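*Asks:* Please read through the structure below; I'll follow up with questions.
Below, the structure is given as structure tokens:
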């Protein structure tokens with residue numbers, strides 16, 4: 038296959054995935070609920086935690102830095118933290134097991150009124166499952182950004198958004214769009230004067 042055909046095919050596949058997702062009213066309803074959950078947490082003084090593995094970990098960090106930093110407009114920072122910093126992760130993985138690298142931080146830092154966002158393209162990442170379980174014990178609302186069939190997390194999270202794709206790249210491409218859009222929706226609702 039020629040290089041230009043590879044590029045065209047990849048863009049077409051990505052566009053098809055995003056189009057199928059964005060034209061599904063049930064998915065848009067879930068996305069709207071995602072915004073409502075974050076607004077409730079931030080307006081109530083809560084913290085939004087995020088976690089994932091590999092590329093999903095990068096997405097979790099990107100979410101948090103956009104909230105504590107800025108997205109499009111200058112505004113006060115919003116309380117968000119990506120779980121799994123290197124020192125903590127290697128400590129917990131060594132002493133307890135990798136499946137607990139996120140749940141230990143949830144247990145230590147989480148409070149009722151907070152939110153946990155777990156990203157897993159398969160929906161079966163054991164450390165995300167453990168984090169969601171720990172969050173439920175603490176009275177923390179859970180949101181899962183998933184792919185494929187949704188895996189185990191689809192039924193565990195308070196809100197599960199499943200991208201209708203089978204490969205991690207396509208799933209993560211929609212996940213980052215979800216992250217950017219939920220951030221913009223929160224900014225527009227909380228700081229309307231900034232968008233006037």
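Residue numbers (our numbering): 38 to 233.
We put the CB at the ideal spot given by N, CA and C, even for glycine.
Predicted model only: the values in this text are computed from it and were never measured.
For residue 58, is the classification buried or exposed, using 16 other Cβ atoms within 10 angstroms of its Cβ as the cut-off for buried?
*Replies:* Counting Cβ neighbours within 10 Å, residue 58 comes out buried, since at least 16 surround it.
*Asks:* When you compare each of 49, 167, 173 and 196 to residue 69 by their alpha carbons, which one comes out closest?
*Replies:* Looking at the Cα atoms, 196 is the closest of the given residues.
*Asks:* If you check the beta carbons only, do residue 150 and residue 194 fall under 8 Å apart?
*Replies:* For residue 150 and residue 194, no; Cβs fall outside 8 Å.
*Asks:* Looking at the unbroken beta strand (DSSP E) that takes in residue 155, where does it start and where does it end?
*Replies:* Note, residue 155: beta strand (DSSP E), 152 to 157.
*Asks:* Specify the secondary structure class of residue 204 as computed by DSSP and reduced to three states.
*Replies:* Three-state DSSP puts residue 204 in coil, outside helix and strand.
*Asks:* Do the region 123 to 136 and the region 185 to 194 touch if we need at least three Cβ pairs shorter than 8 Å?
*Replies:* Cβ pair count under 8 Å is below three, so no.
*Asks:* State buried or exposed for residue 207, treating a residue as buried only when at least 16 other CB atoms are found within 10 Å of its CB.
*Replies:* Buried, because 16 or more other Cβ atoms sit within 10 Å of the Cβ of residue 207.
*Asks:* Relative to the alpha-carbon of residue 80, which residue among 131, 120 and 113 has its alpha-carbon at the smallest distance?
*Replies:* Residue 113 is the option with its Cα nearest to residue 80.
*Asks:* Enumerate in chain order the residues of its own chain whose CB-to-CB distance from residue 55 is below 7 Å, with the five nearest sequence positions on each side excluded.
*Replies:* Answer for residue 55: 211 and 214, listed in chain order.
*Asks:* Along the chain, where does the alpha helix (DSSP H) that runs through residue 179 open and close?
*Replies:* No alpha helix (DSSP H) holds residue 179; the beta strand (DSSP E) holding it covers 178 to 184.
*Asks:* What is the residue span of the beta strand (DSSP E) that residue 169 lies within?
*Replies:* Careful: residue 169 lies outside any beta strand (DSSP E), inside the alpha helix (DSSP H) at 163 to 175.
*Asks:* Using the Cα positions of residue 145 and residue 45, report the straight-line distance between them to the nearest angstrom.
*Replies:* Each residue's Cα considered, the two are about 47 Å apart.
*Asks:* Leaving out five residues before and five after residue 74 in sequence, what residues of the same chain have Cβ atoms less than 7 Å from its Cβ?
*Replies:* Around residue 74: 152, 178, 180 and 196.
*Asks:* Under the DSSP definition of a beta bridge, which residues are partnered with residue 198?
*Replies:* Residue 198 pairs with 182.
*Asks:* If we call anything under 8 Å between Cβ atoms a contact, is residue 226 one with residue 109?
*Replies:* Cβ atoms of residue 226 and residue 109: not closer than 8 Å.
*Asks:* I'd like the list of long-range same chain contacts for residue 176, defined as Cβ closer than 6 Å, with 5 residues on each side in sequence excluded.
*Replies:* Closer than 6 Å at Cβ, skipping near neighbours: 149.
*Asks:* DSSP three-state label for residue 139, please.
*Replies:* Three-state result, residue 139: coil.
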